[in-house]
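A.B. asks: Taking the working numbering, I'd label the letters of the sequence shown as residues 4 to 54. My questions all concern the structure below.
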Amino acid sequence: NATAVPDIIRNGQPWRTIFPAGQEVDRFPRAGWDRPKASDHCPVAITLEMA
4 NATAVPDIIR
14 NGQPWRTIFP
24 AGQEVDRFPR
34 AGWDRPKASD
44 HCPVAITLEM
54 A
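Here it is as structure tokens:
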């Protein structure tokens, strides 16, 4: 698992958040210009191999 890379879900970012070219994300439904937003608690997912 030393090479496992976390996946940060940034779909809750408000529309005022500017993403670099090529890193844009589809926003969650009803994400607003400033509020509501979910940027303070972006979920993180990681796949681990269980032995």
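Yeah, the Cβ is synthetic: ideal placement off N, Cα and C, and Gly gets one too.
Give me whichever residues DSSP pairs with A48 in a beta bridge.
C.D. replies: DSSP output for A48 lists D10 as bridge partner(s).
A.B. asks: CA-CA distance, Q16 and G25?
C.D. replies: 16 Å
A.B. asks: Apart from the five residues on each side of it in sequence, which residues of its chain come closer than 7 Å, Cβ to Cβ, to P39?
C.D. replies: R33
A.B. asks: Relative to the alpha-carbon of I12, which residue among W36, E27 and N4 has its alpha-carbon at the smallest distance?
C.D. replies: E27
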